[in-house]
Amino acid sequence: MGLRWFHFAAWGLFAFGLALLPELVSKGTLRTLIFANYLAIFAISWDLLSGRTGYISFGHPFLIGIGAYTSAILTKRFGVEVEIAIPIAVIVTMIAGLIVLLPALRIRGSYFALVTLAFMELMYQLVQVIRPDLTGGTRGMSGIQTLTRGAVNGFYLSSVLMFVIAVAAWLLLRTRIGTALTALGLNESAVEGSGLSTTKLKMFAFMASAFVAGLGGAFYVHYLGSIAPRALFDINFVFTIIVAVLIGGASTIVGPIIGAFFLTFLLEYLRPFLPGAERYFIYGGIALLLYMYQPKGIYAMVMKAWHSLHERAAK
Amino acid sequence: MTHALEIRNLVKTFGGLVATDDLSFDIKTGQSVGLIGPNGAGKTTVFSQIMGELRQTSGKISLFGKTLGTRPTAERIRRGVSRTYQIPRPFLELSVLENIRVGFMPNSIWSMITKGPDKDREIQLALDVGFSQNDFEKPASDLSMGDLRKLELARTIATGAKVLLLDEVFAGLTTGEISQISGLIQDLRAKGFTMLMVSHDLPALEPLVDHVIAIERGRMIATGTFNEVINDETVRASYLGEV
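Residue numbers (our numbering), protein chains in the order written: chain Y, 1013 to 1327; chain P, 8 to 250.
Below, the structure written as structure tokens:
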């Protein structure tokens, strides 16, 4: 795995920083940070699938939504304990991940992206018309059991969840499976030509991504206490996830976290000046500039600066 | 001596075009065979059928006495046959060692996660094919064509295959690189690998093969030693352009 002391130091510092934040910032900022944490989880989930394998998903809310709806329905409509509902939601999301995998066995590129978009759209329509007594139909559901009370507890729960997912995914992808998935994204036929089953690798990536999406979706709905299909199955939500990954640095795990925090704060701090959708021009512009000059994202910029400092110090 | 590879009455058609026409030949274990023919003769199509990348219309392919049937490419590789391509297919953003690592990987997700890479084996193989220590961390995108051919050969060997199909290994190489790759192939012969090689570079091919098969329009037109095939009248007329 090639783990070094500075890896542990960096993750430790990050955890320490997160733990300290409630002492340093206002409750309003903490609420923003909670959204950043959940966006980071969704971005990591997207990165596990699309950042590595190159199978670009435009329908990630399909998986997030299944996790969120399953847990919400189980707890609110059937009185299932939340500790049981969340694991069930994760399992159901992973089964849904298998459904998304099916088209990936035959198509890729823009065709796959469009199919995933169709999955999201289909889910949006289905939750509105099929058993609205369960899903809440167009209006969604409210009064869903929450896991925490107050911004501080919500922040700690989302931070622990994000941190554990990030470290687990980071460790996982430092093993040979990370190399194999990266290779899959770079040249699928050469992976097959190296004696590896691409179906097996894809299945793993889709399952891992669905696991994180389901977990994130379920916890998110129990943080919000409500679910609104229009906000969840929204193309803007998809692009926010994708842009967070790309701005931060795809295929890195750390990049999506940086991107999620950067994007959430950018949009939040622009709000007083540009309350409408104009904010998206700014973030689109930043994303565009970054892709032009550093397509590998902020993480690559930071690493480059770190290496050049290191080289200078060595001289 | 057992046959590493047996091709029997292989036929491949694409609509009205017959790409492989009732082709049959055997390669003994440890033997090195050259497959020659003009452009479009169907040499690469034979490779693709052996690897399962193309499904034959009819006929049988056996590896070490066992029919390959409709087995997928990855399984054929695990059974012992692997190939290189006319245009190398590296993982451009991965380093030399990481490219080789993919070849060494077991086809088990669990093993990939729980067992670390065998760096010593990766380094040894990289050195064996002629990389230096300075090249190990270089991304494949920074390599020359000669190095890419070496890298592809290394990844093919890393799969553990004992039958290697080498497609145009000398294409696009400098004289120095040709002699380096040629030396590598000689080493592989000495180690007992079975090889089927396609090359238009006949002088480079000559010292590397025990036997040559010439095909034209998917049909075998001559077989024998290098000199026998090269001096065959049909081969001279169709391939070498001599009347």
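We put the CB at the ideal spot given by N, CA and C, even for glycine.
Any residues in the stretch 161-172 of chain P with a beta carbon nearer than 9 Å to a beta carbon of chain Y? Which ones, in chain order?
162, 163, 165, 166, 167 and 168
Put residue 1280 of chain Y into one of helix, strand or coil per three-state DSSP.
helix
Using a Cβ-Cβ distance under 8 Å, would residue 80 of chain P count as near chain Y?
yes
Of all the options P:20, P:19 and P:32, which has the alpha carbon lying nearest to the alpha carbon of residue 10 of chain P?
P:32
Looking at residue 1083 of chain Y: is its Cβ nearer than 8 Å to the Cβ of residue 1101 of chain Y?
yes
How would you list, in chain order, the residues of chain P whose beta-carbon sits under 9 Å from the beta-carbon of residue 1204 of chain Y?
60, 79, 80, 81 and 84
Shortest alpha-carbon distance to residue 1139 of chain Y belongs to which of Y:1245, Y:1187 and Y:1053?
Y:1245
What are the boundary residues of the alpha helix (DSSP H) that residue 16 of chain P is part of?
Careful: residue 16 of chain P lies outside any alpha helix (DSSP H), inside the beta strand (DSSP E) at 10-21.
Since residue 1309 of chain Y contacts residue 1229 of chain Y with CB under 8 Å, what's their CB separation in whole angstroms?
Going by Cβ atoms, the distance from residue 1309 of chain Y to residue 1229 of chain Y rounds to 25 Å, so no, they are not a contact pair.
I need the DSSP call for residue 1314 of chain Y, collapsed to helix, strand or coil.
helix
Which of helix, strand or coil DSSP assigns to residue 41 of chain P:
strand
Could you tell me which residues DSSP puts in a beta bridge with residue 1323 of chain Y?
Partner(s): none; residue 1323 of chain Y has no beta bridge.
Around the C-beta of residue 959 of chain Y, are 16 or more other C-beta atoms found within 10 angstroms, so that it is buried, or is it exposed?
The requested residue 959 of chain Y is not part of the displayed model; chain Y covers only 1013 to 1327.
In terms of residues, what are the limits of the alpha helix (DSSP H) holding residue 1162 of chain Y?
Careful: residue 1162 of chain Y lies outside any alpha helix (DSSP H) and carries neither H nor E.
To the nearest angstrom, report how far apart residue 1234 of chain Y and residue 105 of chain P are at their CA atoms.
42 Å
Under 8 Å, with one C-beta from each stretch per pair, do the stretch 220-227 of chain P and the stretch 20-35 of chain P reach the 3-pair mark?
yes
Looking at the C-beta of residue 1044 of chain Y, does it have a partner C-beta in chain P at a distance below 8 Å?
no
Using a Cβ-Cβ distance cut-off of 8 Å, determine whether residue 124 of chain P contacts chain Y.
yes
For residue 1306 of chain Y, I'd like the list of residues in its chain whose CB is within less than 7 Å of its CB, leaving aside the five on either flank, ordered along the chain.
1312 and 1313
Beta carbon proximity, residue 87 of chain P to chain Y, threshold 8 Å:
no
Evaluate residue 1058 of chain Y with the Cβ neighbour count: other Cβ atoms within 10 Å of its Cβ, from every protein chain shown; 16 or more gives buried, anything less gives exposed.
buried
I'd like to know if residue 156 of chain P contacts chain Y, where contact means its C-beta is closer than 8 Å to some C-beta of that chain.
no
Nearest chain P C-beta to residue 1118 of chain Y closer than 8 Å, yes or no?
no
Closer than 9 Å by beta-carbon distance: list the chain Y residues that pair up with residue 114 of chain P, in chain order.
1207, 1208, 1209 and 1212
In terms of residue numbering, what span does the alpha helix (DSSP H) encompassing residue 1039 of chain Y cover?
1039-1058
Since residue 147 of chain P and residue 97 of chain P are thought to touch, with beta carbons under 8 Å apart, how far apart are those beta carbons, to the nearest angstrom?
4 Å
Pull up the distance between the alpha-carbon of residue 44 of chain P and that of residue 1249 of chain Y, whole angstroms please.
57 Å
Does the Cβ-Cβ distance between residue 41 of chain P and residue 212 of chain P come in under 8 Å?
yes
Please determine, among Y:1316, Y:1015 and Y:1060, the residue with the shortest C-alpha to C-alpha distance to residue 1269 of chain Y.
Y:1060
Let me check one thing: in DSSP terms, what residues is residue 32 of chain P bridge-paired to?
P:14
CB of residue 165 of chain P within 8 Å of CB of residue 110 of chain P, strictly:
yes
Which runs of the alpha helix (DSSP H) fall wholly inside the stretch 1207-1259 of chain Y and span at least 4 residues, in chain order?
1210-1236 and 1241-1244
If we call anything under 8 Å between Cβ atoms a contact, is residue 1079 of chain Y one with residue 1195 of chain Y?
no
Could you name the residues of the stretch 1178-1192 of chain Y whose beta carbon sits closer than 8 Å to any beta carbon of chain P, in the order they occur along the chain?
1184, 1187, 1188, 1189, 1191 and 1192
Could you check if residue 1141 of chain Y is buried or exposed, using at least 16 other CB atoms within 10 Å of its CB as the buried criterion?
exposed
Answer yes or no: does any C-beta atom of chain P fall closer than 8 Å to that of residue 1222 of chain Y?
no
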